Amino acid sequence: MVGRMEQGHADIAAMNFEDALRALEDVVRRLEGGEVPLDDSISLYERGEALRKHCQARLDAAQARIEKIVTGPDGAPTGTRPFDEAGR
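Position 26 of the sequence shown, counting from 1, maps to 24 under our numbering, and the rest follow consecutively.
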């Protein structure tokens, strides 16, 4: 089972955000449906948690890349700076 878990995490690591989010939504739907046997539910939950972490990491990376447009006193754009420095 460890090999299967490692394969599942490698599969998730290769996903883009949209695919990972769709897969996470599918996991949630299946778990909420209540039709999945207990052992499968545990595996699904673990996959869902890995998908959630992957989605969060992709969102964090995207936010780090967002830049704020900096304007001069006349309102004209003068450049950009990283989003996290926007309030400084």
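Heads up, the beta-carbon is just placed ideally off N, CA and C, and yes, glycines get one too. Quick caveat, the model's predicted, so the values are computed rather than measured.
Discussion item. Between the region 56 to 64 and the region 36 to 48, can you find at least three pairs of beta-carbon atoms closer than 8 Å?
Written reply: Result no; under three Cβ-Cβ pairs closer than 8 Å.
Worksheet item: Under a three-way DSSP split, which group does V68 fall into?
Response: V68 falls in the strand class under three-state DSSP.
Discussion item. Per the DSSP calculation, P35 is bridged to which residue(s)?
Written reply: Per DSSP, none; premise fails for P35.
Worksheet item: Do you know offhand how far E16's Cα is from L22's?
Response: 10 Å
Worksheet entry | Cβ-based burial, R45 [other Cβ within 10 Å; buried from 16] | buried
Discussion item. Distance check for G31 and K51, CA to CA, integer angstroms please.
Written reply: K51 and G31: Cα-Cα distance of roughly 23 Å.
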